[in-house]
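Novice: Sequential numbering of the sequence shown, starting at 2, is according to full-length UniProt numbering. Ideal Cβ placement from N, Cα and C applies to all residues, glycine included.
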Amino acid sequence: NHLLELRGLHKSFARTEALRGVSLDVQPGEVVAVTGPSGSGKSTLLHCAAGVLVPEAGSVTFAGQRLDELDEATRTRLRRREIGLVLQFGQLVPDLTAVQNVALPLLLDGTDRRTARTAALAWLERLGVAEVADQVPAELSGGESQRVAVARALVTGPRLVCADEPTGALDTVAGEVVLTELLAAVRDADASLLVVTHDNRVAARADREVVLRDGSLAAGQPVTAS
Ligand code: ADP
Ligand code: ADP
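#1: Roughly how many angstroms lie between the CA atoms of A104 and Q147, to the nearest whole one?
#2: Of the residues H3, R21 and G111, which one's Cα is nearest the Cα of T62?
#3: What residue from Q101, D135, L47 and T168 has the CA that sits closest to V23's CA?
#4: Quick check: what's the CA-CA separation for L141 versus E6?
#5: Does H48 come out as helix, strand or coil in the three-state DSSP assignment?
#6: Can you determine whether any heavy atom of ligand 1 sits closer than 7 angstroms to the C-beta of T45, and answer yes or no?
#7: Where P106 and L161 are concerned, what is the direct C-alpha to C-alpha distance, given to the nearest angstrom?
#8: Pairing CB atoms from the segment 23-40 with CB atoms from the segment 186-194, are three or more of them under 8 angstroms?
#9: Residues in its own chain within less than 8 angstroms of L128 by CB, not counting five upstream and five downstream?
#10: Under three-state DSSP, which class holds Q101?
#11: Given a threshold of 16 other Cβ atoms within 10 Å of its Cβ, counted over all protein chains shown, does V94 qualify as buried or as exposed?
#12: In angstroms, rounded to a whole number, what distance separates the CA positions of G42 and R80?
#13: So, helix, strand or coil for V94, using DSSP?
#14: Would you report the Cα separation of L194 and L109, rounded to the nearest angstrom?
#15: Across which residues does DSSP place R67 in a beta bridge pair?
#16: Taking only the alpha-carbon atoms, compute the straight-line gap between T17 and E166 and give it to the nearest angstrom.
#17: Between the segment 71-78 and the segment 111-121, are three or more C-beta pairs nearer than 8 angstroms?
#18: Comparing C-alpha positions only, which one of A117, V100 and T157 sits nearest to E132?
#19: With L68 and K12 assumed to form a contact (beta carbons below 8 angstroms), what rounded beta-carbon distance in angstroms separates them?
#20: In this structure, what does DSSP give as the bridge partners for H11?
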């Protein structure tokens with residue numbers, strides 16, 4: 002039983018065909034790295050998987066539900082609770098402190114303030130950045146920002162985490178810390194991870210690597226048997 006089933010995805014932007022019939026399955030608890038040259042469609046695939054973008058053709062089935070057929074409000078609600086998103090540059094809300102950023106998905110989902118704050122602090126602690134809880138994003142290093150972003154992605158207890166170059170903006174040492182913390186947090190939570198990366202070290206630590214070229218999965222990367 003797959004957690005995520007992508008079938009025959011097509012997505013175009015103006016004259017660019019970013020995805021040309023991509024199919025991919027992700028199992029519960031599986032870590033899948035998506036690699037390939039710049040412009041091959043990796044980010045587009047990740048955004049379709051996360052329910053942020055809707056493909057023109059093909060299906061996105063998450064935990065048995067067709068994400069591409071849900072109306073936007075329902076899709077957003079499901080995504081907030083079940084799918085964590087980590088982007089290259091933290092994308093933290095600049096006016097909120099680290100702990101407020103991590104608490105935000107819970108508040109949006111109706112959790113009361115005190116519970117949300119306690120959970121957010123526990124996640125910051127878990128990722129080794131409790132000491133920056135009351136600082137705003139501009140005061141954080143790149144590595145700290147990414148660890149706060151990982152905490153925010155995991156705080157709702159998602160079944161799937163989608164990460165787009167989570168270490169791409171970091172130096173080697175900070176990237177290694179963020180990667181290790183991200184993988185450990187995903188494994189502890191029994192979540193699956195779909196991670197877009199240029200970094201061979203990320204791909205090497207995944208359960209499986211799929212390679213995109215010109216909007217298609219390269220030969221030899223079939224959909225896994227279940
Ligand atoms: P990758 O992540 O592998 O670098 P992307 O998925 O970002 O690839 O992009 C695939 C192709 O689609 C590229 O040619 C890119 O320029 C184009 N593209 C992606 N997003 C947009 C957009 N919002 N508008 C126009 N073109 C886009
Ligand atoms: P990445 O590949 O890490 O996503 P990009 O610079 O390709 O980085 O994309 C950053 C953002 O810009 C994405 O939201 C993507 O959809 C958008 N984008 C990418 N290429 C284009 C493009 N040619 N025209 C407009 N938007 C684009």
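Specialist: Straight from the coordinates:
#1: Computed Cα separation, rounded: 15 angstroms.
#2: Nearest of H3, R21 and G111 to T62, Cα basis: H3.
#3: Among Q101, D135, L47 and T168, the Cα nearest to that of V23 belongs to L47.
#4: Separation of L141 and E6 (C-alpha to C-alpha, rounded to the nearest whole angstrom) is 37 angstroms.
#5: helix
#6: yes
#7: 15 angstroms
#8: yes
#9: R148, V149, V151, A152, E182 and A186
#10: helix
#11: exposed
#12: 21 angstroms
#13: Correct three-state label for V94: coil.
#14: 23 angstroms
#15: Paired residues: T62.
#16: 22 angstroms
#17: no
#18: V100
#19: L68 to K12, Cβ: 14 angstroms. No contact.
#20: R21 and A58
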